[in-house]
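Trainee:
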């Protein structure tokens, strides 16, 4: 009798742990942010580090949105090989970087050029 009660509770405990694990992972401080959230953080970082004006922020926001749309279309394009897709991603990122740089003053461009091209992502 005691064993049958234990065997009934084991699946319940396993189910509870299985359901609780994703919720606890989402609450972790280093959980991956949503793509839009990453873009907002990136914009805030640029604005702070470069001292962007409101006009520059608007221009950079539009450039970043265009890049996101292009990257999404690229991800959805199944006709490209992985290597070709990665090459296109690099090209899109470099083009967006050049567009952002064109919006900056010469002083801001120097700071921008000194910034790392890719931010490290959390593991």
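Numbering (the working numbering), first residue to last: 26 to 148. Yeah, the Cβ is synthetic: ideal placement off N, Cα and C, and Gly gets one too.
Near residue 114, what residues of its chain come up, given a Cβ to Cβ distance below 8 Å and the 5 sequence neighbours on each side ignored?
Mentor: Looking up residue 114 in the chain shown gives position 89. Sequence-distant partners of residue 114 (beyond 5 residues in either direction) whose C-beta falls short of 8 Å from its own C-beta, in its chain, are 96, 99.
Trainee: In terms of residues, what are the limits of the alpha helix (DSSP H) holding residue 83?
Mentor: On the chain shown, position 58 is the one that residue 83 refers to. That run of the alpha helix (DSSP H) goes 79-101.
Trainee: Examine the ligand ATP and report whether any of its heavy atoms sits within less than 6 Å of the Cβ of residue 67.
Mentor: Within the structure as shown, the ligand ATP is missing, as the structure has no ligands at all.
Trainee: What number of angstroms, rounded off, separates the C-alpha of residue 148 from the C-alpha of residue 63?
Mentor: Within the chain shown, the letter at position 123 stands for residue 148. Within the chain shown, the letter at position 38 stands for residue 63. Unreliable positioning characterises residue 148 in this predicted model, as indicated by a pLDDT of 45, which lies under 50. The coordinate reading is nonetheless provided below. Taking the straight line joining both Cα atoms gives about 15 Å.
Trainee: What are the boundary residues of the alpha helix (DSSP H) that includes residue 59?
Mentor: Against the chain shown, residue 59 aligns to sequence position 34. Segment: none, residue 59 is in no alpha helix (DSSP H) and carries neither H nor E.
Trainee: Could you give the C-beta distance for residue 82 and residue 68, rounded to a whole number, given that I count them as a contact under 8 Å?
Mentor: Locating residue 82 in the chain shown gives position 57, counting from the first residue. Locating residue 68 in the chain shown gives position 43, counting from the first residue. Sure, about 7 Å apart at Cβ, within 8 Å.
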